[in-house]
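Engineer: First, the structure itself, so that you have it in front of you.
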Amino acid sequence: MLKGLNPQQKAAVEYLDSPLFLSAGAGSGKTKVLTHKLAYLVKEKGIRPHRILAITFTKKAANEMAERVGRMLGIEPRWISTFHSFCVKVLREDVEGLLMPFDRRFVIYDEDDCARVLKDVLRRFNRDPREAQAAREVISKAKQEYRSSIVDHIRALAYPASTFAETAKEYQNELERSNAMDYDDLLYFTVRALSDSPEVRKKWQEKFDYVMIDEFQDTNDIQFQLIKLLAGGKKGLFAVGDFFQCIYTWRGSRPSNIGRFIREFRAREMRLEKNYRSMRKILDVANVVVSRVDCNWSDTVLQLRTDTEEEGEVKYVGRSDGISEGIWIAEKIRELSADYKYSDFAILIRMAFLSRALESVLMQYQVPYTIVRGLAFYDRAEVKDLLSYLRLISNHRDKAAFERIINTPSRGIGKKGLSLIRESFRTDWLQALRETKLPQRQRLNVDELIKTIEKHADSVEERPYTVLMDLLGEVGYFDHLRKEHGEDFEERRENLSELANVLEKLEEEGRPFSEFMEDSLLSSDQDRIGSEDSVKILTLHAAKGLEWPVVFMPALEEEIFPSAKSMLSEAALQEERRLFYVGTTRAKERLYLSSAELRMKFGQTMSMMRSRYVNEIREHLKG
DNA sequence: CTTAGGAAACTTTTT
DNA sequence: GTTTCCTAAG
Numbered sequence: 001m002l003k004g005l006n007p008q009q010k011a012a013v014e015y016l017d018s019p020l021f022l023s024a025g026a027g028s029g030k031t032k033v034l035t036h037k038l039a040y041l042v043k044e045k046g047i048r049p050h051r052i053l054a055i056t057f058t059k060k061a062a063n064e065m066a067e068r069v070g071r072m073l074g075i076e077p078r079w080i081s082t083f084h085s086f087c088v089k090v091l092r093e094d095v096e097g098l099l100m101p102f103d104r105r106f107v108i109y110d111e112d113d114c115a116r117v118l119k120d121v122l123r124r125f126n127r128d129p130r131e132a133q134a135a136r137e138v139i140s141k142a143k144q145e146y147r148s149s150i151v152d153h154i155r156a157l158a159y160p161a162s163t164f165a166e167t168a169k170e171y172q173n174e175l176e177r178s179n180a181m182d183y184d185d186l187l188y189f190t191v192r193a194l195s196d197s198p199e200v201r202k203k204w205q206e207k208f209d210y211v212m213i214d215e216f217q218d219t220n221d222i223q224f225q226l227i228k229l230l231a232g233g234k235k236g237l238f239a240v241g242d243f244f245q246c247i248y249t250w251r252g253s254r255p256s257n258i259g260r261f262i263r264e265f266r267a268r269e270m271r272l273e274k275n276y277r278s279m280r281k282i283l284d285v286a287n288v289v290v291s292r293v294d295c296n297w298s299d300t301v302l303q304l305r306t307d308t309e310e311e312g313e314v315k316y317v318g319r320s321d322g323i324s325e326g327i328w329i330a331e332k333i334r335e336l337s338a339d340y341k342y343s344d345f346a347i348l349i350r351m352a353f354l355s356r357a358l359e360s361v362l363m364q365y366q367v368p369y370t371i372v373r374g375l376a377f378y379d380r381a382e383v384k385d386l387l388s389y390l391r392l393i394s395n396h397r398d399k400a401a402f403e404r405i406i407n408t409p410s411r412g413i414g415k416k417g418l419s420l421i422r423e424s425f426r427t428d429w430l431q432a433l434r435e436t437k438l439p440q441r442q443r444l445n446v447d448e449l450i451k452t453i454e455k456h457a458d459s460v461e462e463r464p465y466t467v468l469m470d471l472l473g474e475v476g477y478f479d480h481l482r483k484e485h486g487e488d489f490e491e492r493r494e495n496l497s498e499l500a501n502v503l504e505k506l507e508e509e510g511r512p513f514s515e516f517m518e519d520s521l522l523s524s525d526q527d528r529i530g531s532e533d534s535v536k537i538l539t540l541h542a543a544k545g546l547e548w549p550v551v552f553m554p555a556l557e558e559e560i561f562p563s564a565k566s567m568l569s570e571a572a573l574q575e576e577r578r579l580f581y582v583g584t585t586r587a588k589e590r591l592y593l594s595s596a597e598l599r600m601k602f603g604q605t606m607s608m609m610r611s612r613y614v615n616e617i618r619e620h621l622k623g
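My numbering numbers the first residue of the first sequence as 1 and each following residue consecutively.
Structure below.
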């Protein structure tokens with residue numbers, strides 16, 4: 001289990017005397033330490049694999065870790081997962097019987113569903129539904145900070161955040177009536193379950209002999225709370241992180257959790273600074289960037305070292321506009337494609353909209369590419385519509401699903417009809433649909449819908465594919481598509497047949513529909529990176545933890561990277577710098593930086609200034 | 001209630 | 001350049 005590890009890695013694997021924090025620089029082999037440590041605990045220390053809990057940042061990291069450990073041990077430990085999917089497991093077992101307004105079949109709402117609910121609530125309070133985004137952020141933050149009363153906490157905030165207190169209350173009521181949780185709720189209610197019930201706490205504390213957490217710099221308050229509850233004084237506690245790669249403070253990460261972990265758990269601290277990923281020139285640049293990152297809680301500056309003799313290449317080019325920048329990238333990829341596969345290339349962008357220009361150029365040059373976020377498959381309107389039908393059929397309380405499909409295809413139910421139906425809601429939407437008084441034409445349409453829902457209610461869980469195929473005809477969905485989206489009807493039908501394929505496979509394997517929904521909601525962008533041989537285009541955030549032989553970082557321009565909004569605060573600028581560091585350290589052999597003088601933004605051509613980061617590393621660039 | 005047309009906002013980053 | 005929201009006529 002210790003073979004192939006350097007002395008520092010080996011020390012971290014073997015150390016068991018107290019909780020341990022491992023500060024692991026980019027490319028220093030932290031995943032290796034995590035997997036070897038897990039295997040070591042099982043093989044050398046006789047701990048049973050399912051008594052080890054390992055929490056990772058993304059599902060992709062969890063799967064990879066499980067697979068690697070599986071190869072070493074012959075079995076895959078059961079408890080390698082993300083915070084969110086771990087919480088779902090806890091809640092499915094223990095949410096009932098805790099005086100909580102959910103039952104174990106609760107569903108998870110994505111941002112779209114949450115926005116739907118929030119907009120409706122805001123409208124009822126005579127407020128602008130466009131505030132939904134702001135309200136969502138306030139509510140999310142309050143839950144992440146884990147206050148005993150979310151509503152009181154919001155009321156006490158500074159204006160205008162405080163005005164969302166009532167909104168938050170009603171939003172939560174609506175989620176509870178739908179038996180639905182948002183992403184934050186998964187953590188919030190898990191922590192509540194563990195803190196409120198000594199029995200539940202004991203059960204989960206005793207389940208694990210050893211707890212390890214990856215990417216610790218990006219944990220938030222409530223996640224720290226959860227770890228504390230699970231730790232329950234055990235010394236088998238191991239966290240790995242790198243302050244310099246903390247890039248999620250905007251959504252609540254607390255890099256200070258590192259210091260807190262060391263203090264509160266009296267953890268031993270170890271470091272890994274030897275880099276096994278990047279060639280020398282890339283590391284030189286990364287070290288310049290990292291030396292400018294403020295880190296006031298540590299006196300030792302991170303300095304990555306490597307033994308490799310190979311130099312690699314770092315190059316910067318400036319181009320006149322976004323298109324010629326794209327052309328330069330496409331030609332470079334062509335030139336290098338003699339020595340590399342397409343999947344060896346990644347283009348890392350600061351903002352999603354930057355993928356547009358790149359996309360059209362790569363298409364012209366016939367370079368196969370995959371945009372990792374773009375529009376995710378499950379975000380397509382037609383896919384969401386049909387999934388909402390299935391959701392409503394399986395959970396008659398699902399408000400977001402109900403509102404999505406009640407008038408899709410059109411049943412003549414508009415604002416008026418919808419508010420009548422909402423008023424009759426008592427137990428679920430099926431009941432509300434039955435009891436609402438409606439004009440005759442609408443009544444007939446709604447009766448059809450009720451019949452459809454009732455007909456499939458018992459089979460949707462086991463036979464989602466069969467139900468989907470029936471549904472398409474019964475509600476006349478293709479007619480609706482042809483009428484509403486004549487131009488790209490074919491494309492949309494393709495998407496639906498892809499959904500059908502997925503569900504057919506699910507049905508054949510005998511996996512339930514709810515499990516499928518859960519999986520797709522808890523997977524990250526990274527999980528959607530396939531193994532196909534194509535150039536990957538993704539945001540820097542999505543690139544965290546990944547690596548490629550050749551990395552492009554285009555659009556290095558002021559107001560893009562660093563972003564305009566980050567310039568308002570020093571803390572945000574610091575985070576941008578860390579993000580730039582994360583970007584440069586994704587590259588193994590070649591790193592190509594570029595910028596353009598003119599760039600299309602909001603459909604207008606803007607004149608851009610070269611990013612400060614390019615100037616800072618100038619002496620390390622050639623060309 | 002639907003539809004068409006036009007204004008306005010929109011771009012950080014996401015489990 | 002695109003999506004989303006609003007309005008006024010049918």
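Backbone N, C-alpha and C define an ideal beta-carbon position, used for all residues, glycine too.
1. Quick one: what's got a C-beta closer than 8 Å to PHE216's C-beta in the same chain, skipping five residues either side?
2. Using a threshold of 7 Å, state whether the C-beta atoms of ASP218 and GLU145 are closer than that.
3. Does the beta-carbon of MET677 have 16 or more other beta-carbons within 10 angstroms, so that it is buried, or is it exposed?
4. DSSP on LYS235, reduced to helix/strand/coil?
5. State the Cα-Cα distance for the pair PRO554 and PHE106, rounded to the nearest angstrom.
6. Would you please state the rounded distance, in angstroms, between the beta carbons of ILE47 and LEU53? I believe it to be under 8 Å.
7. What's the gap between the Cα of LEU283 and the Cα of ARG305?
8. For the putative contact between GLN574 and VAL293, defined by C-beta atoms under 8 Å, what is the C-beta separation to the nearest angstrom?
9. Taking Cβ to Cβ, would you say VAL288 is nearer than 7 Å to VAL314?
10. Mapping the DSSP letters down to three states, classify VAL285 as helix, strand or coil.
11. Can you tell me whether GLY623 is buried or exposed, with buried defined as 16 or more other CB within 10 angstroms of its CB?
12. Report all residues from its chain with a CB closer than 6 Å to the CB of ALA12; omit the five preceding and five following residues, and keep chain order.
13. Considering just the uninterrupted stretch of the alpha helix (DSSP H) at TYR342, what are its terminal residues?
14. Consult DSSP for MET279 and reduce its assignment to one of helix, strand or coil.
15. Could you compute how far the alpha carbon of VAL372 sits from the alpha carbon of ARG251?
16. What does DSSP give as the partner residue(s) for GLN604 in the beta ladder?
17. Taking 8 Å as the cut-off, does the region 519 to 531 touch the region 360 to 372 (at least 3 CB pairs, one atom from each stretch)?
18. In whole angstroms, what is the alpha-carbon distance linking ARG599 and LEU358?
19. Whole angstroms are fine: how far does the CA of TRP328 sit from the CA of ASP185?
20. For MET1, which of helix, strand or coil comes out of DSSP?
21. In whole angstroms, what is the alpha-carbon distance linking GLY414 and LYS169?
22. Counting Cβ pairs, one atom from each stretch, are 3 or more of them under 8 Å apart for the region 154 to 169 and the region 384 to 400?
23. Would you call PHE353 buried or exposed, if buried means 16 or more other Cβ atoms sit within 10 Å of its Cβ?
24. Find the nearest neighbour of TYR248 within the set SER611, ARG610, MET606 and ALA571, judged by alpha-carbon distance.
25. Check GLU67 in the structure and name its three-state DSSP category.
26. Within the same chain, show all residues whose beta-carbon is closer than 6 Å to that of GLU589, passing over the 5 residues directly before and after it, in chain order.
27. Got a sec, what are the start and stop residues for the beta strand (DSSP E) TRP429 sits in?
28. So which of LEU593, MET608, MET606 and GLU597 has the shortest CA-CA distance to GLU616?
29. Under 8 Å: do the region 461 to 470 and the region 497 to 516 share three or more Cβ pairs, one atom per stretch?
30. Quick check: what's the CA-CA separation for SER343 versus LEU362?
31. Beta-carbon separation of LEU521 and ASP110 under 7 Å?
32. Specify the secondary structure class of GLU559 as computed by DSSP and reduced to three states.
33. Counting only runs that start and end within the region 213 to 258, where is the alpha helix (DSSP H) found for 4 or more residues in a row?
34. Cutting at 8 Å between CB atoms, please list the residues of its own chain near VAL614, excluding the five before and the five after it.
35. What is the rounded straight-line gap between the Cα of LEU449 and the Cα of GLN440?
36. Suppose you measure from the CA of GLU309 to the CA of LYS274; what does that come to, to the nearest Å?
Structural biologist: Once the coordinates are examined:
1. Within the first sequence, numbered from 1, the residue matching residue 216 stands at position 216. Cβ within range, chain order: PHE21, ALA239, VAL240, GLY241, ASN257, ILE258 and PHE261.
2. The residue labelled residue 218 in the question sits at position 218 within the first sequence. The residue labelled residue 145 in the question sits at position 145 within the first sequence. No; because the gap between Cβ atoms is not below 7 Å, this pair is not in contact.
3. No answer is possible for residue 677: the residues shown for the chain start at 1 and end at 623.
4. The residue given as residue 235 occupies position 235 in the first sequence. Three-state DSSP puts LYS235 in coil, outside helix and strand.
5. Your numbering for residue 554 matches position 554 in the first sequence. Your numbering for residue 106 matches position 106 in the first sequence. Rounded to whole angstroms, PRO554 to PHE106 spans 43 Å at the Cα level.
6. For the purposes of this step, residue 47 is identified with residue 47 of the first sequence, where counting begins at 1. For the purposes of this step, residue 53 is identified with residue 53 of the first sequence, where counting begins at 1. Wrong, their Cβ atoms sit about 11 Å apart, outside the cutoff.
7. For the purposes of this step, residue 283 is taken as residue 283 along the first sequence, with counting starting at 1. For the purposes of this step, residue 305 is taken as residue 305 along the first sequence, with counting starting at 1. Cα-Cα distance, rounded: 8 Å.
8. In the first sequence, the residue the question calls residue 574 occupies position 574. In the first sequence, the residue the question calls residue 293 occupies position 293. 7 Å between Cβ atoms; contact.
9. As a working mapping, residue 288 is identified with position 288 in the first sequence. As a working mapping, residue 314 is identified with position 314 in the first sequence. It is not a contact, given that the beta carbons lie outside the stated cut-off.
10. Working through the first sequence from its first residue, we reach residue 285 at position 285. Three-state result, VAL285: helix.
11. Here residue 623 is taken as the residue at index 623 of the first sequence, counted from 1. Because the pLDDT of GLY623 is 47, which lies under 50, any placement of that residue in the model is unreliable, and the number read from its coordinates should be weighed accordingly. It is exposed - the Cβ of GLY623 has fewer than 16 other Cβ atoms within 10 Å.
12. Counting from 1 along the first sequence, the entry for residue 12 is found at position 12. For ALA12, where only same-chain residues beyond five positions count, the Cβ hits under 6 Å are LEU22, VAL33 and MET270.
13. Taking the first sequence and counting its residues from 1, one reaches residue 342 at position 342. Taken as a continuous stretch (DSSP letters only), TYR342 belongs to no alpha helix (DSSP H), as it is neither H nor E.
14. If you number the first sequence from 1, residue 279 lands on position 279. DSSP places MET279 in coil when its eight states are reduced to three.
15. Locating residue 372 in the first sequence gives position 372, where the first residue counts as 1. Locating residue 251 in the first sequence gives position 251, where the first residue counts as 1. Their backbone Cα atoms lie some 21 Å apart in a straight line.
16. Here residue 604 refers to the residue found at position 604 when the first sequence is read from its first residue. Answer by DSSP bridge pairing, in chain order: LYS601.
17. yes
18. In the first sequence, the residue the question calls residue 599 occupies position 599. In the first sequence, the residue the question calls residue 358 occupies position 358. Their backbone Cα atoms lie some 12 Å apart in a straight line.
19. The residue you call residue 185 lines up with position 185 of the first sequence. The residue you call residue 328 lines up with position 328 of the first sequence. Straight-line Cα distance between these residues: approximately 46 Å.
20. The residue labelled residue 1 in the question sits at position 1 within the first sequence. DSSP places MET1 in coil when its eight states are reduced to three.
21. Stepping through the first sequence from its first residue, residue 414 is reached at position 414. Stepping through the first sequence from its first residue, residue 169 is reached at position 169. Whole-angstrom Cα-Cα distance: 26 Å.
22. no
23. The residue labelled residue 353 in the question sits at position 353 within the first sequence. Exposed: under 16 other Cβ atoms inside 10 Å.
24. If you number the first sequence from 1, residue 248 lands on position 248. Among SER611, ARG610, MET606 and ALA571, the Cα nearest to that of TYR248 belongs to ALA571.
25. What you label residue 67 is simply residue 67 of the first sequence in a count that begins at 1. Of the three classes helix, strand and coil, the one that applies to GLU67 here is helix, per DSSP.
26. Position 589 of the first sequence holds residue 589. Hits under 6 Å: MET279, GLY312 and PRO549.
27. Numbered from its first residue, the first sequence carries residue 429 at position 429. That residue, TRP429, is in no beta strand (DSSP E); its alpha helix (DSSP H) goes 429 to 435.
28. To locate residue 616, count along the first sequence from 1; it is residue 616. Of the listed residues, the one whose Cα sits closest to GLU616 is LEU593.
29. yes
30. Locating residue 343 in the first sequence gives position 343, counting from the first residue. Locating residue 362 in the first sequence gives position 362, counting from the first residue. Computed Cα separation, rounded: 14 Å.
31. Along the first sequence, read from residue 1 onward, the residue named residue 521 stands at position 521. Along the first sequence, read from residue 1 onward, the residue named residue 110 stands at position 110. A contact, by the Cβ cut-off of 7 Å.
32. Working through the first sequence from its first residue, we reach residue 559 at position 559. Strand at GLU559.
33. 221 to 231
34. Here residue 614 is taken as the residue at index 614 of the first sequence, counted from 1. Correct list, in chain order: TYR316, LEU556, LEU593, SER595 and LEU621.
35. For the purposes of this step, residue 449 is taken as residue 449 along the first sequence, with counting starting at 1. For the purposes of this step, residue 440 is taken as residue 440 along the first sequence, with counting starting at 1. Roughly 14 Å separates the two Cα atoms.
36. Working through the first sequence from its first residue, we reach residue 309 at position 309. Working through the first sequence from its first residue, we reach residue 274 at position 274. Each residue's Cα considered, the two are about 14 Å apart.
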